[in-house]
Each structure stands twice: as C-alpha cells, then as structure tokens.
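First the structure, in the form of structure tokens, and then the observations on it.
Chains as they are written, first to last, in our numbering: chain A, 1 to 112; chain B, 113 to 219.
Take a look at the structure:
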C-alpha cells in the first residue's frame, strides 16, 4: 500500500500568521493533491501537482499556495492565515494522472 | 458536488441488516472510487472500479458508466461500518467527490 504522511497532524495558529503544511510519499508518484474538508461536507480541491514545479489550481485556490521542489514532498502554504481557513486538510496521491487516490491522515488546522 | 449526486445523505441500519448507497453522475465518468471515513477522520480506500462489479467481504460495488451511476452495497452491517462513505468519480481531467452518506449502525 502507498504511504502518505502529513505533518503536523494538529496545528493552532493566530490570524495573520503563516502556515506550512507538509505532505510526503514514499513511492515517487507524480500526482499529488491538497484538499480541505469542512464539517458535514465533502472534499474540496485546493491544488494539484503533476510533478516537480508543475502545479495547477483546483476549485478553491484563493488564499493558498503550494510548493513542490522534490517529487516526494508537496507543501501547502497559507500566507497570513484567516479564521475561515480553519479546516481539516488532506493530502492525496494517485498511481497515475487522475487514477486511484490514496489519502494521508489529515491535518486539523485551527486559526484563531 | 454538482457532477456527483450521492444518496442517501444519511442512513441508519441495525446490525446484521444491509442497504445500498448510490452515486449518480451528470457527466460521463471513466472510473469511480469509494471511501469510508471512519471516526478518526481517516479516508479508507474501499473500491476502485473502471467498470463492472467488485466484492470485498460484506461490501460490493458496481459501476455502470453508460448509465452514469455507481452503487455500494453493505450487507450484514457491523458497528465498525459506521462512518461517512464518499464516492469519487474520475472524468477526463478531474476527480469529483460526492457529499457523502453518513451511516450509523446501531446494535
């Protein structure tokens, strides 16, 4: 099974602070994703990365940026976090472009 | 999401009974995936189908691309089956998630 790691698992930040969420994978798969999930809702796509330095916006990219300098790592960055960015963030990988996805354990972010 | 309609939104079952969850698609999808989100919030892969039917224990899933739907059947429900079930369908260049079915299995 593919292993997707996320760090940290829990994070509390104040409004206006910068946030860095990390995602790692152990199989050098090309495509990686960042989603957020809010209570009672499904997953909303923030960004997709097709390979190193090859990133595309998802459905809700505003307020976020990403970085992928190595195939194994995909970072989600919030410059000046807002309270409405409080959510659970999931990273995912897939076996090929838009194939079966595997998710990390999630990061619960609270912005006060 | 708009492209994926998942039903029911909530479901309650007694242990030992069964039911079906369904996803209808408004556009042609080439594959579907089903997940269970457990009480810890983890998303567990259940099935990935490009067509036909797959079975795993008490779970069975079918994907009919031509008629634009997929189903997930649960039989002999157990307490640990409680959670939220999501389908995710793959189109040409995107994956679309349903809004989930919240399943509660009662003793």
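Glycine included, each C-beta is placed from N, C-alpha and C at the ideal position. All figures in this text were calculated on a predicted structure; none of them were measured in a lab.
- Just so you know, the alpha carbons of residue 83 of chain A and residue 13 of chain A end up roughly 9 Å apart.
- Under the criterion of beta carbons closer than 8 Å, residue 125 of chain B and residue 189 of chain B qualify as touching, at roughly 5 Å.
- In this structure, the alpha-carbon of residue 15 of chain A lies about 10 Å from that of residue 79 of chain A.
- Exposed is the label assigned to residue 10 of chain A, since fewer than 16 other Cβ atoms lie within 10 Å of its Cβ.
- One thing to note: residue 186 of chain B has its Cβ no nearer than 8 Å to the Cβ of residue 206 of chain B.
- Within the stretch 99-111 of chain A, the residues whose Cβ lies closer than 7 Å to any Cβ of chain B are, in chain order, 100, 101, 102, 103, 105 and 106.
- When DSSP states are grouped into helix, strand and coil, residue 112 of chain A belongs to the coil group.
- Closer than 9 Å at the C-beta level to chain A, one finds these residues of the stretch 160-188 of chain B: 160.
- Sequence-distant Cβ neighbours of residue 33 of chain A in its own chain, meaning closer than 6 Å and more than five residues away, are 48 and 92.
- Here residue 56 of chain A has 48 as same chain residues with Cβ atoms under 6 Å from its own Cβ, once five neighbours each way along the sequence are excluded.
- Note on residue 139 of chain B: under 16 other CB atoms within 10 angstroms of its CB, so exposed under the neighbour-count rule.
- Taking 8 Å as the threshold, the shortest C-beta distance from residue 19 of chain A to chain B does not fall below it.
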